[in-house]
Every structure is written in C-alpha cells, then in structure tokens.
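Everything on this sheet refers to the single structure shown next.
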Amino acid sequence: RLTERGGPHHGCPDKTPSLRLASIERAGKAAIPFTSGILVGIGETEAERIDSFLALRALHSRHHHLQEIIVQNFQPKVGTAMARAKAPPLDDHLRSIAIARLLFPPEVSIQAPPNLSPTVLDQLLAAGINDWGGVSPVTPDHVNPERPWPQFDTLRRASENAGKELVARLPIYPRYLANADRWLDPTMQLAVRAHADGSGYVRENSWTAGEHGKVDSITAHIPSEDQTQTCHTHAKSNAALTNLLDRAQAGIPLTEDEIARLFSVRGREFDQVINAADHLRQLTSGDVVRYVVNRNINYTNICYFSCRFCAFSKRTRAPVTGDKPYDLALEEIGRRTKEAWQRGATEVCLQGGIHPDYTGETYIAICRAVKEAASDMHIHAFSPLEVWQGAATLKLPLDQFLNELRQAGLGSLPGTAAEILDDEIRQIICPDKINTEQWLDVMRSAHSVGLRSTATIMFGHVDGPVHWARHLNRIRTLQNQTGGFTEFVPLPFVHMESPLYRKGWARPGPTYREALLMHAVPRLVLNPGITNIQTSWVKMGPDGAKACLTAGANDLGGTLMNESITRAAGADFGQELPPEAMNKLILASQRIPEQRTTFYAEAPTERTQQSFGADALEANINTTPSARKSHSRSEIVRFGPSQ
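As numbered in our numbering, residues 82 to 724 make up the sequence shown, in order.
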C-alpha cells in the first residue's frame with residue numbers, strides 16, 4: 082500500500098516489501114548477521130507495523146540471523162516530499178518499541194536512535210530497547226545531520242538510571258562472534274577478535290598481558306593504582322550482587338551461572354566485586370604480601386605436543402626461526418641450582434616441553450641432579466602433563482610414579498598444563514594434551530601421596546566467563562576433597578607470538594578488567610579452601626601486579642631469575658624481579674613484604690639475608706639436543722579426546 086501513488090514509497094522500487102524480504106532471506110541463507118527494522122510514522126497503520134515485525138520474525142526463525150530490530154521514528158525534513166508531514170506521536174513510537182520487544186525472541190536486540198528522541202531516553206528504555214545503535218563522537222548522523230548524537234555520558238547516565246550498564250559492542254553481536262566459523266569469513270576473524278573481550282563486547286582499552294606502558298590508558302572505572310581509592314569509596318551496591326558476594330564471603334559454593342555473573346560485571350558492579358575481594362583478602366591474609374626467592378629452570382623447549390597457544394616449544398631438533406631447540410644437560414641443571422642457592426633461593430621451579438626421548442627416569446634424574454647440587458633446595462617441578470607422560474612411559478600407576486619422584490627429592494607440583502579445565506576449550510587450544518579429568522587425576526594422586534601443588538588458569542584466548550566458572554568449580558571441588566592446593570595463580574594469555582593468535586583463532590589476551598576479575602573472583606569463589614591468590618608480575622607487569630594487590634591477591638609469586646616461556650610468547654617481562662624490587666613494589670602498594678617458602682612459612686633469616694645484593698647470574702648454557710644424554714624412549718605417549 083505504501084508504494085502506491087501518493088504513498089511514501091512510491092517511485093522507490095527498492096522499498097518493495099517482497100524484494101526487501103527476499104534480500105534478507107538470502108542473507109540468512111548465506112549466514113550474514115543482519116540488521117532490519119521499521120520507520121514509524123510515515124502513514125502506516127499499527128497492523129502494518131505488526132505485519133512487518135511478523136515477517137521479519139519468520140525470517141529470523143528460519144535463519145537466526147537478525148541481530149537487531151531498529152524501531153525508528155520518522156523526522157520530516159525540509160526539501161523532501163514529506164517536509165510538511167508530522168512526526169509520529171511519542172506514544173506511537175513507544176508502543177511500537179514495546180510490540181517489537183514482545184514479538185521478537187530475547188536474543189534479538191531492539192534499538193531506537195537516541196539522537197531522534199534525546200529528551201525521552203528513559204522512556205525508550207522503559208518501552209523495551211536494549212541497544213542505542215551506532216553513536217559516533219566524530220561523525221554526524223548522515224541521514225539526520227540536524228540531530229547530533231548524544232554525549233556518551235548522557236547515554237551512560239540514562240542507562241544507569243534505568244538499572245542498566247552502558248557497554249560498547251562490536252558491529253557483530255557476541256553470540257555471532259561465539260560461532261565465528263559460521264557467521265564470519267575467515268579473513269575477518271583475526272580483526273574482529275582483536276577488538277573483542279571474553280564476552281564478545283569491545284575491549285575497553287589497549288592493555289594486553291606482558292606489555293609495558295599500557296596501564297595508564299585504563300579507563301576511569303578500572304582501579305589502577307591512582308584510582309583504587311575512588312572505586313573503593315564510590316562503589317554502589319546492587320542488592321542481587323550483594324547477596325552473591327555475601328554468600329561467597331561466607332564460604333557458600335556458587336553455581337556456574339553465578340560465578341559467570343561475577344566475571345561479567347562492569348562499571349559500578351565491577352567496583353563492588355573488586356571491593357568485596359579486597360575486603361576478604363584483608364580478613365584472610367592481612368596486609369602482608371609474600372613472595373618466594375626461586376629460580377625458574379626450563380630444561381628443554383623440545384616438545385612433541387601441539388598446544389596451539391604455545392610459542393615456547395620446538396617440535397624438531399633442527400634450528401628453526403627464533404630460539405633454537407635445547408635440552409639441558411643434568412650438569413647445567415645442577416649448576417643453575419647451585420647458583421640459585423648462592424643467591425638466596427629456597428626453591429627451583431622446573432618445567433619444560435615433553436621431549437620425545439624423555440621417560441619417567443628423566444624426571445627422576447632431574448630431581449637427583451638438583452638435590453646433589455643443593456640438598457636443601459625445594460624442588461617444585463613437573464606439570465600434570467609431565468607426570469602423566471612419565472608414569473605412562475614406565476607403565477606405572479600415577480601414585481607409584483609420584484612416590485618415586487618424591488623419594489628422588491620432588492617437593493611439590495606446579496599447577497600448570499591446566500589452561501582451562503573444560504574440554505570444550507581444550508579441544509581447541511591443546512587437543513592432544515591431557516584432558517580435564519586426567520589433569521585432576523594427577524593432582525588428586527599427588528595430594529594423596531603428600532605432594533602439594535599450586536592451581537593455575539591460563540585465560541583470555543578462546544574462552545569466556547562460563548568456562549572460567551567451570552574451571553573454578555573443578556578446582557574448588559578437588560580442594561574440598563584433598564586440601565592439597567597451596568595457592569591459585571591466574572596466568573593471562575600472552576598473545577604476541579602465540580600461533581593461536583597469529584592464525585586468527587584467539588583474542589589478544591584478556592582485557593585489564595578481566596585480568597583483575599580473575600584475581601578477585603577466585604578470591605571469593607575459592608574461599609575458604611584456597612587462601613592465597615598469586616598475581617604474576619611476568620604476565621601483568623609490575624604496575625598491573627600492584628593493581629591486583631587491591632583486587633584480592635596477596636602473593637607476588639617468585640623472583641624467577643630466569644623465565645623463557647612467557648618471553649617466547651612476546652612478553653616484555655620475565656627474567657628477574659629481585660627481592661629489592663619486590664619489596665619496593667609491595668611497599669609502594671602500602672603493604673608489608675615478606676619472603677616465604679614454597680608452603681608459605683616465613684623464609685629462614687639466612688636465606689633472606691643471602692638474597693639481597695646477590696651477584697649477577699652467570700651466562701646460561703642451553704645444551705644442544707645432540708649433546709644431551711637422555712634415556713631412550715620405548716614409545717611416544719599421546720593423549721586426546723578418546724582417553
């Protein structure tokens with residue numbers, strides 16, 4: 082009817098309803114996320130508006146491709162045929178918004194341009210919109226240039242007054258990005274993911290894990306060092322969220338959905354979660370921040386597994402681009418251990434790639450080499466992957482192999498190789514690695530034979546809040562059974578050289594907001610079973626680590642002396658943060674520094690005194706593979722979804 086002579090669409094063949102609907106249908110068949118909608122007030126009846134909505138809903142029900150429906154109010158313009166037509170009454174516009182909200186499923190957003198109704202933003206929200214559309218600080222509305230965009234602060238205030246949080250989104254909505262292989266051309270995926278956070282919305286700032294000089298760019302609602310007090314003072318309470326936080330602080334387990342909710346907070350709710358975690362930290366750990374003087378020894382970078390996030394491992398014995406393959410001689414492991422002891426260390430942390438020649442005997446020999454070099458050195462070594470592989474090569478049960486390692490000097494296990502304890506994610510990032518249940522089995526066995534361990538999470542790649550929630554629940558459940566975890570260590574994904582990122586499969590690590598929440602939420606969710614939350618200065622950088630100390634963390638990990646895995650991924654940090662620098666960082670956070678042992682006892686005075694003013698490290702000798710005397714393998718041990 083509207084295309085007939087005298088109607089608003091007369092002479093506009095592209096406005097023919099059948100053609101428009103056919104075009105939207107083709108887009109659906111081609112899996113193209115689409116925006117559609119109606120213009121209210123050009124002579125149509127309410128029944129015709131509803132017919133339009135129903136036709137669009139039918140298309141969406143077949144193809145699920147409508148991201149949003151725009152319900153736009155007509156604005157007459159000088160120089161057009163309808164210049165003297167009247168704009169629709171506000172009630173008509175609001176009623177049309179409400180009808181659209183009722184007719185379309187919840188996943189379809191309802192949008193109304195805010196610049197066309199700037200004085201009634203609250204009424205638009207009350208009618209059912211949940212999206213303001215595209216709002217630009219640099220370009221006008223080219224269709225309605227006489228109607229300037231509202232300021233972001235105006236939209237934020239209107240949204241908050243309606244009990245909502247204003248969040249910037251990408252042109253593609255989160256649910257489509259979550260299924261990018263269907264909805265995005267492969268050539269677009271890297272660019273889109275580079276701008277996305279773990280929930281599929283726009284990254285708030287340019288900070289990435291492992292890089293210098295980005296914390297200062299954090300937006301005002303993130304509590305970086307000079308903003309923390311403001312956040313703590315002005316955070317406003319949300320009753321439902323307060324209930325969740327009260328339960329967590331009381332040690333009551335939260336559900337998967339509730340934990341994911343905590344990871345999704347923004348704005349004032351973000352402040353509320355950070356405050357609650359910091360308060361619980363103060364009650365649990367006081368103002369002491371602990372760290373261990375240790376040395377990190379990565380004994381080989383040769384690995385036959387195919388973890389897609391890893392930039393450290395080398396799959397062949399021949400030099401390739403970047404770092405050359407190496408396999409440390411036992412003598413070099415001993416030398417580094419002795420040197421670490423002379424510099425005040427109480428612990429060596431040993432991990433490496435899964436060398437095809439390694440068997441369980443290799444790991445036992447490494448422990449013996451450390452103890453021969455420094456008998457009192459604590460050995461914190463071997464991820465669950467290494468333990469499982471070592472036991473399998475010797476055809477031993479896990480507990481028996483772990484006991485043999487313990488007899489050789491092993492003191493505790495690092496909780497690495499956990500990545501995300503959800504096989505949905507592991508199938509993407511490490512498909513041939515041990516699965517979730519295998520990782521938990523190793524830790525359960527280790528705890529049963531008296532070997533304690535850390536627990537970690539490596540996050541910010543292809544994962545999101547629901548996966549983080551599953552991970553924490555699995556850690557909490559095992560801790561309730563064994564009590565064997567000493568601390569929880571968030572490890573933000575460092576993306577720069579990661580194959581997973583460079584191929585367009587992953588985001589560039591977590592956002593700063595997500596990184597802080599990954600310290601705050603575990604503080605709450607793992608309470609009271611795990612009382613130590615460690616922040617990685619290697620991943621977060623010193624300034625980021627200071628911020629984490631106001632978000633639930635009470636531990637700065639180790640001084641390291643050497644670190645190569647994160648550096649291989651492109652990080653700026655990682656070699657050493659000596660005790661002098663550790664103390665300075667902690668004191669600048671208005672906290673009390675204390676050197677500790679692996680199990681959180683105060684470090685012996687002799688060790689502490691020895692650690693200050695230590696001599697410079699001698700040059701490391703990365704033994705070439707051919708020079709490494711190794712035990713022969715009987716078979717390659719592989720894992721995967723079938724095991």
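Backbone N, C-alpha and C fix where the C-beta goes; we use that ideal spot for every residue, glycine too. Predicted model only: the values in this text are computed from it and were never measured.
Does the Cβ of D278 have 16 or more other Cβ atoms within 10 Å, making it buried, or fewer, making it exposed? Within the sequence shown, the letter at position 197 stands for residue 278. So D278 ends up on the buried side.
Taking the alpha carbon of I510 as the reference point, which residue from L494, R588, A536 has its own alpha carbon closest? For the purposes of this step, residue 510 is taken as the residue at position 429 of the sequence shown. Among L494, R588, A536, the Cα nearest to that of I510 is on R588.
Hey, H174 and S198: beta-carbon distance below 9 Å or not? Translated into positions along the sequence shown, residue 174 becomes position 93. Translated into positions along the sequence shown, residue 198 becomes position 117. In contact: H174 and S198 (Cβ atoms closer than 9 Å).
Whose CA, out of R165, Q156, P114, lies closest to the CA of L140? For this step, residue 140 is matched to residue 59 along the sequence shown. Cα-wise, what sits closest to L140 is P114.
Just verifying my parser: in three-state terms, what is the DSSP assignment at E568? Locating residue 568 in the sequence shown gives position 487, where the first residue counts as 1. Three-state result, E568: strand.
Residue span of the alpha helix (DSSP H) that contains A472, given as start and end: Position 391 of the sequence shown, counted from the start, is the residue given in the question as residue 472. Counting along the chain, the alpha helix (DSSP H) containing A472 begins and ends at 465-475.
For my contact list, A499 and I538 are in at a C-beta cut-off of 8 Å; report their separation, rounded to the angstrom. Numbered from its first residue, the sequence shown carries residue 499 at position 418. Numbered from its first residue, the sequence shown carries residue 538 at position 457. Rounded, the Cβ-Cβ distance is 6 Å, consistent with contact.
Under the three-state DSSP convention, the category C93 falls into: Along the sequence shown, one-based indexing puts residue 93 at 12. DSSP places C93 in coil when its eight states are reduced to three.
State the Cα-Cα distance for the pair L466 and Q676, rounded to the nearest angstrom. Against the sequence shown, residue 466 aligns to sequence position 385. Against the sequence shown, residue 676 aligns to sequence position 595. C-alpha separation (whole angstroms): 30 Å.
Tell whether a beta-carbon distance below 9 Å holds between L559 and R487. Along the sequence shown, one-based indexing puts residue 559 at 478. Along the sequence shown, one-based indexing puts residue 487 at 406. No, the pair does not count as a contact, with Cβ atoms beyond the cut-off.
Bounding residues of the alpha helix (DSSP H) (the contiguous stretch that carries Q270): On the sequence shown, residue 270 is found 189 positions in, with the first residue counted as 1. First-last of the alpha helix (DSSP H) with Q270: 267-274.
Is S117 buried or exposed, if buried means 16 or more other CB atoms sit within 10 Å of its CB? As a first step, residue 117 is located in the sequence shown; it is residue number 36 there, counting from the start. With 16 or more other Cβ atoms within 10 Å, it is buried.
R371: first and last residue of the uninterrupted beta strand (DSSP E) it sits in: Position 290 of the sequence shown, counted from the start, is the residue given in the question as residue 371. Residues 369-373.
Of all the alpha helix (DSSP H) runs that stay within the bounds of the stretch 409-435, which reach a length of 4 or more residues? 411-423
Which residues share a DSSP beta bridge with N745? Any question about residue 745 goes unanswered here, given that the chain covers just 82 to 724.
Rounded to whole angstroms, how far is the Cβ of Q204 from the Cβ of E149, which I believe are closer than 8 Å? Numbered from its first residue, the sequence shown carries residue 204 at position 123. Numbered from its first residue, the sequence shown carries residue 149 at position 68. No, Q204 and E149 are not in contact; Cβ-Cβ is about 19 Å, not under 8 Å.
Going by other Cβ atoms of all chains shown within 10 Å of its Cβ, with 16 needed for buried, is A462 buried or exposed? Along the sequence shown, one-based indexing puts residue 462 at 381. Classification of A462: buried, given that the 10 Å Cβ count is 16 or more.
For the 8 Å Cβ check, are there 3 or more pairs between the stretch 377-390 and the stretch 684-693? no
Delimiting residues of the beta strand (DSSP E) encompassing G348: Working through the sequence shown from its first residue, we reach residue 348 at position 267. Secondary structure note for G348: it is in no beta strand (DSSP E), and the uninterrupted alpha helix (DSSP H) holding it is 348-366.
Would you list, in sequence order, the uninterrupted beta strand (DSSP E) runs of no fewer than 3 residues that lie entirely inside the stretch 525-563? Within the stretch 525-563, the complete beta strand (DSSP E) runs of at least 3 residues are 533-540.
State yes or no: is the beta carbon of V189 nearer than 9 Å to at least one beta carbon in chain B? Absent here is chain B; the protein component of the structure consists of one chain.
Starting from the C-beta of Q153, find all residues in its chain whose C-beta is less than 8 Å away, skip the five residues before and the five after it, and write them out in chain order. Position 72 of the sequence shown, counted from the start, is the residue given in the question as residue 153. If we look at Q153 and ignore the five residues flanking it on each side, its Cβ neighbours are G118, I119, L120, V121, A193, P194, L197.
Kindly list the residues whose CB is nearer than 6 Å to the CB of T365, restricted to its own chain and excluding five residues on each side of it in sequence; keep chain order. Residue mapping note: residue 365 aligns to position 284 of the sequence shown, counting from 1. If we look at T365 and ignore the five residues flanking it on each side, its Cβ neighbours are T612.
Where H145 falls: helix, strand or coil (DSSP): Taking the sequence shown and counting its residues from 1, the one referred to as residue 145 is at position 64. The answer is coil: DSSP assigns H145 none of H, G, I, E or B.
Cα-Cα, which of E453, P571, D338 is closest to G496? In the sequence shown, residue 496 corresponds to position 415, counting from 1. That would be P571, whose Cα lies nearest to the Cα of G496.
Cβ pair N643, E657 closer than 9 Å: Start at 1 with the first residue of the sequence shown, and residue 643 comes out as number 562. Start at 1 with the first residue of the sequence shown, and residue 657 comes out as number 576. For N643 and E657, yes; Cβs fall inside 9 Å.
Considering only their Cβ atoms, is the gap separating Q615 from F680 smaller than 9 Å? Along the sequence shown, read from residue 1 onward, the residue named residue 680 stands at position 599. Along the sequence shown, read from residue 1 onward, the residue named residue 615 stands at position 534. With contacts defined as CB atoms closer than 9 Å, F680 and Q615 fail to qualify as a contacting pair.
Counting along the chain, where does the alpha helix (DSSP H) carrying G622 start and finish? For the purposes of this step, residue 622 is taken as the residue at position 541 of the sequence shown. Its alpha helix (DSSP H) spans residues 618-629.
Starting from E699, follow the alpha helix (DSSP H) in both directions and report where the run begins and ends. Against the sequence shown, residue 699 aligns to sequence position 618. That residue, E699, is in no alpha helix (DSSP H); it is neither H nor E in DSSP.
Roughly how many whole angstroms lie between the Cα atoms of L343 and S534? Position 262 of the sequence shown holds residue 343. Position 453 of the sequence shown holds residue 534. Straight-line Cα distance between these residues: approximately 26 Å.
Residue range of the alpha helix (DSSP H) that G109 falls in? On the sequence shown, position 28 is the one that residue 109 refers to. According to the DSSP assignment, G109 belongs to the alpha helix (DSSP H) that extends over 98-110.
Do you know how far the Cα of L102 is from the Cα of I178? By 1-based counting over the sequence shown, the position of residue 178 is 97. By 1-based counting over the sequence shown, the position of residue 102 is 21. Their Cα atoms are separated by approximately 21 Å.
Residue ranges of each alpha helix (DSSP H) within the stretch 490-526, 4 or longer: 504-510
Please state the DSSP three-state secondary structure of A301. In the sequence shown, residue 301 corresponds to position 220, counting from 1. Summary for A301: the model assigns pLDDT 34, below 50, so the residue's position carries little reliability, and this model does not support an answer.
Go ahead and pull the three-state DSSP assignment for N242. On the sequence shown, residue 242 is found 161 positions in, with the first residue counted as 1. N242: helix per DSSP, three-state reduction.
Can you list the alpha helix (DSSP H) stretches of 4 or more residues lying completely in the stretch 568-592, in chain order? 580-583
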